[in-house]
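Participant:
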Amino acid sequence: MFFVDTIDYCGGYNVNIVGCGFVGAAGLMVESIWAAGSYGAELLAHELGHNLGLSHGGCGLMGPALNHNTCLNASEVSTILLSSLVQQDRNGLYIEINPWLVTAAQVPLPAAGWLLIGGIGALAAARRRRKAA
38 MFFVDTIDYC GGYNVNIVGC GFVGAAGLMV ESIWAAGSYG AELLAHELGH NLGLSHGGCG
98 LMGPALNHNT CLNASEVSTI LLSSLVQQDR NGLYIEINPW LVTAAQVPLP AAGWLLIGGI
158 GALAAARRRR KAA
(Lines of atoms letter the chains of each structure in order from A; the text may use other names.)
(Lines give C-alpha, C1' and ligand atoms only; values in the text may rest on other atoms or scores of the structure.)
Protein backbone atom coordinates (compact mmCIF):
# COMPACT_ATOMS: atom_id res chain seq x y z
CA MET A 38 0.00 0.00 0.00
CA PHE A 39 1.49 3.30 -1.12
CA PHE A 40 0.33 6.77 -0.05
CA VAL A 41 1.29 9.31 -2.73
CA ASP A 42 0.71 12.98 -3.56
CA THR A 43 -1.02 12.45 -6.90
CA ILE A 44 -2.12 9.72 -9.30
CA ASP A 45 -2.77 10.51 -12.95
CA TYR A 46 -2.47 7.05 -14.47
CA CYS A 47 -4.01 3.71 -13.59
CA GLY A 48 -4.49 1.63 -16.73
CA GLY A 49 -5.30 4.91 -18.48
CA TYR A 50 -4.65 8.63 -18.02
CA ASN A 51 -7.21 10.50 -15.91
CA VAL A 52 -6.62 13.44 -13.57
CA ASN A 53 -9.60 12.39 -11.40
CA ILE A 54 -7.99 9.14 -10.18
CA VAL A 55 -7.51 9.10 -6.39
CA GLY A 56 -6.60 5.43 -6.00
CA CYS A 57 -5.29 2.50 -8.01
CA GLY A 58 -5.44 -1.16 -7.05
CA PHE A 59 -4.21 -4.11 -9.08
CA VAL A 60 -7.06 -6.56 -9.73
CA GLY A 61 -6.22 -9.99 -8.33
CA ALA A 62 -2.73 -9.02 -7.20
CA ALA A 63 -1.11 -7.32 -4.24
CA GLY A 64 -0.40 -3.62 -4.54
CA LEU A 65 -2.39 -0.43 -4.33
CA MET A 66 -1.77 3.28 -4.09
CA VAL A 67 -3.98 6.10 -2.90
CA GLU A 68 -3.67 9.86 -2.81
CA SER A 69 -2.76 10.81 0.75
CA ILE A 70 -5.16 13.76 0.96
CA TRP A 71 -8.12 11.54 -0.01
CA ALA A 72 -7.04 8.73 2.30
CA ALA A 73 -6.94 11.20 5.20
CA GLY A 74 -10.38 12.67 4.39
CA SER A 75 -13.95 11.52 4.96
CA TYR A 76 -13.71 9.03 2.06
CA GLY A 77 -10.50 7.46 3.43
CA ALA A 78 -11.85 4.15 4.72
CA GLU A 79 -14.02 3.70 1.62
CA LEU A 80 -11.10 4.51 -0.71
CA LEU A 81 -8.79 2.01 0.98
CA ALA A 82 -11.50 -0.68 1.05
CA HIS A 83 -12.33 -0.05 -2.63
CA GLU A 84 -8.70 -0.40 -3.79
CA LEU A 85 -8.19 -3.42 -1.54
CA GLY A 86 -11.32 -4.88 -3.17
CA HIS A 87 -9.49 -4.72 -6.51
CA ASN A 88 -6.56 -6.62 -4.96
CA LEU A 89 -9.01 -9.27 -3.82
CA GLY A 90 -10.35 -9.77 -7.35
CA LEU A 91 -13.22 -7.28 -7.59
CA SER A 92 -13.77 -5.00 -10.59
CA HIS A 93 -15.89 -1.85 -10.82
CA GLY A 94 -19.58 -2.63 -10.76
CA GLY A 95 -22.79 -1.74 -9.03
CA CYS A 96 -23.35 1.28 -6.84
CA GLY A 97 -21.81 0.06 -3.58
CA LEU A 98 -18.18 -0.15 -2.53
CA MET A 99 -16.95 -1.22 -5.96
CA GLY A 100 -18.77 1.49 -7.91
CA PRO A 101 -16.55 3.67 -10.12
CA ALA A 102 -16.79 6.68 -7.78
CA LEU A 103 -16.58 7.22 -4.02
CA ASN A 104 -20.10 7.64 -2.63
CA HIS A 105 -20.05 6.68 1.09
CA ASN A 106 -21.79 3.39 0.15
CA THR A 107 -19.61 0.50 1.29
CA CYS A 108 -21.97 -2.43 0.74
CA LEU A 109 -20.92 -5.60 -1.11
CA ASN A 110 -23.22 -8.16 -2.70
CA ALA A 111 -22.98 -11.93 -2.06
CA SER A 112 -21.07 -12.54 -5.30
CA GLU A 113 -18.42 -9.96 -4.35
CA VAL A 114 -18.01 -11.52 -0.90
CA SER A 115 -17.57 -14.97 -2.51
CA THR A 116 -14.89 -13.57 -4.84
CA ILE A 117 -13.03 -12.07 -1.88
CA LEU A 118 -13.10 -15.33 0.08
CA LEU A 119 -11.60 -17.18 -2.92
CA SER A 120 -8.72 -14.70 -3.27
CA SER A 121 -5.21 -16.07 -2.77
CA LEU A 122 -4.46 -12.97 -0.68
CA VAL A 123 -6.89 -14.07 2.05
CA GLN A 124 -4.99 -16.10 4.64
CA GLN A 125 -6.19 -18.13 7.58
CA ASP A 126 -4.82 -18.97 10.99
CA ARG A 127 -6.38 -20.36 14.17
CA ASN A 128 -8.06 -16.98 14.80
CA GLY A 129 -9.78 -16.79 11.40
CA LEU A 130 -9.31 -15.11 8.02
CA TYR A 131 -7.04 -12.13 7.49
CA ILE A 132 -5.12 -10.11 4.88
CA GLU A 133 -1.58 -8.89 5.57
CA ILE A 134 -1.04 -5.24 4.62
CA ASN A 135 2.27 -3.35 4.63
CA PRO A 136 1.75 0.42 4.14
CA TRP A 137 4.43 2.68 2.62
CA LEU A 138 4.53 6.46 2.57
CA VAL A 139 6.17 7.83 -0.57
CA THR A 140 7.62 11.30 -0.21
CA ALA A 141 9.43 13.26 -2.87
CA ALA A 142 12.40 15.39 -1.91
CA GLN A 143 13.01 18.62 -3.77
CA VAL A 144 15.92 18.41 -6.17
CA PRO A 145 18.16 21.44 -5.76
CA LEU A 146 18.67 23.29 -9.03
CA PRO A 147 21.66 25.50 -9.78
CA ALA A 148 20.92 29.20 -9.75
CA ALA A 149 19.81 30.31 -13.20
CA GLY A 150 22.39 33.12 -13.27
CA TRP A 151 25.33 30.76 -12.66
CA LEU A 152 23.99 28.39 -15.29
CA LEU A 153 23.77 31.25 -17.82
CA ILE A 154 27.30 32.49 -16.99
CA GLY A 155 28.67 28.95 -17.33
CA GLY A 156 26.96 28.53 -20.71
CA ILE A 157 28.29 31.86 -22.02
CA GLY A 158 31.78 30.97 -20.76
CA ALA A 159 31.64 27.60 -22.55
CA LEU A 160 30.57 29.30 -25.79
CA ALA A 161 33.40 31.86 -25.49
CA ALA A 162 35.96 29.10 -24.91
CA ALA A 163 34.68 27.15 -27.91
CA ARG A 164 34.89 30.29 -30.07
CA ARG A 165 38.49 30.96 -29.00
CA ARG A 166 39.48 27.39 -29.86
CA ARG A 167 37.87 27.72 -33.26
CA LYS A 168 39.72 31.02 -33.98
CA ALA A 169 43.04 29.56 -32.77
CA ALA A 170 42.74 26.60 -35.16
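Residue numbering for the sequence shown follows the working numbering, starting at 38 and increasing by one per position.
Virtual Cβ for every residue (Gly too), placed ideally from N, Cα, C.
#1: Since Leu-81 and Val-60 should fall inside the 8 Å C-beta cutoff, what is the C-beta to C-beta distance between them, to a whole number of angstroms?
#2: Report the residue from Thr-116, Glu-113, Asn-128, Ile-132 whose alpha carbon sits nearest the alpha carbon of Leu-122.
#3: Please report the straight-line C-alpha distance between Pro-136 and Gly-77, rounded to a whole angstrom.
#4: Have a look at Trp-71 and Asn-53 and give me their C-alpha separation to the nearest angstrom.
#5: Starting from Glu-84 and walking both ways along the alpha helix (DSSP H), at which residues does that stretch end?
#6: Give a yes or no on whether the C-beta atoms belonging to Glu-113 and Leu-130 are separated by under 8 Å.
#7: Who are the Cβ neighbours of Asn-51 in its own chain at under 8 Å, not counting the five residues just before and after it?
#8: Taking the C-alpha atoms as reference points, what is the distance between Leu-85 and Ala-111?
Facilitator: With the given structure in hand:
#1: For the purposes of this step, residue 81 is taken as residue 44 along the sequence shown, with counting starting at 1. For the purposes of this step, residue 60 is taken as residue 23 along the sequence shown, with counting starting at 1. The distance from the Cβ of Leu-81 to that of Val-60 is about 16 Å, inconsistent with a contact at the 8 Å cut-off.
#2: Looking up residue 122 in the sequence shown gives position 85. Comparing Cα-Cα distances from Leu-122 to each of Thr-116, Glu-113, Asn-128, Ile-132, the minimum goes to Ile-132.
#3: If you number the sequence shown from 1, residue 136 lands on position 99. If you number the sequence shown from 1, residue 77 lands on position 40. Whole-angstrom Cα-Cα distance: 14 Å.
#4: By one-based count along the sequence shown, residue 71 stands at place 34. By one-based count along the sequence shown, residue 53 stands at place 16. Their Cα atoms are separated by approximately 12 Å.
#5: The residue given as residue 84 occupies position 47 in the sequence shown. Residues 77-88.
#6: Counted from its first residue, the sequence shown places residue 113 at position 76. Counted from its first residue, the sequence shown places residue 130 at position 93. In this structure, the beta-carbon distance from Glu-113 to Leu-130 does not fall below 8 Å.
#7: Reading the sequence shown from its first residue, position 14 is the one you call residue 51. Excluding positions up to five away in sequence, the list reads Asp-45.
#8: Within the sequence shown, residue 85 is the residue found at index 48, counting from 1. Within the sequence shown, residue 111 is the residue found at index 74, counting from 1. Answer to the nearest angstrom: the Cα atoms are 17 Å apart.
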